[in-house]
Amino acid sequence: MVEPIDYTPAQHQSDSYPIWQETEGHVASFWYYLVCLLLAWLLLPALLALVRYLQVRNHIYTLTSQRLSERSGVVFVRSETCELYRVKDISVELPLLQRLAGCGRVILTTSDVSTPHVVLEAVPDPMAVADLMRDNVERCRVAKGVREFN
């Protein structure tokens, strides 16, 4: 089960305090790592596996009371932020390999023009993460008075 990060009510008012933070799981790159391991004697695949490892390790998801931030990159760092009140739908996918490892994919459909779909790959306990996000999306929408019309 995903445990929200403990915080005081004063910190909850601050949007910069993370409620949940996690990195992308390596299980999503299993087949990539396996091929690199089988071809490691060529040295280039070993280098590619190291690069993939660093990319996955530096791909960080952070949920605050107002936003979901995604930070990725090793040399060139990219940061993307999605306002929670823009989230329209949250779905969870459990591919077989990720499900066996206790991970899954959380997919957000948003009204954000730059990122209409946000995919959180290989997240531990994805159902609990989706519930945590859903609760914070609703709180954010109520606080901002946002309603969606179809």
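In the working numbering, the protein residues as written are 3 to 152.
Note that the Cβ used here is the ideal one computed from N, Cα and C, for glycine as well.
Note that this is a predicted model, so its numbers are computed, not measured.
- Of the residues assessed, residue 102 falls on the exposed side of the cut-off, its CB having fewer than 16 other CB atoms within 10 angstroms.
- If you draw a straight line from the Cα of residue 128 to the Cα of residue 104, it is about 8 Å long.
- Where residue 140 is concerned, the enclosing alpha helix (DSSP H) starts and stops at 128-146.
- The residue from 70, 57 and 27 with its alpha-carbon nearest to that of residue 134 is 70.
- Inter-residue distance for residue 110 and residue 95 is about 11 Å (C-alpha atoms, whole angstroms).
- Residue 99 and residue 31 have their C-alpha atoms spaced approximately 10 Å apart.
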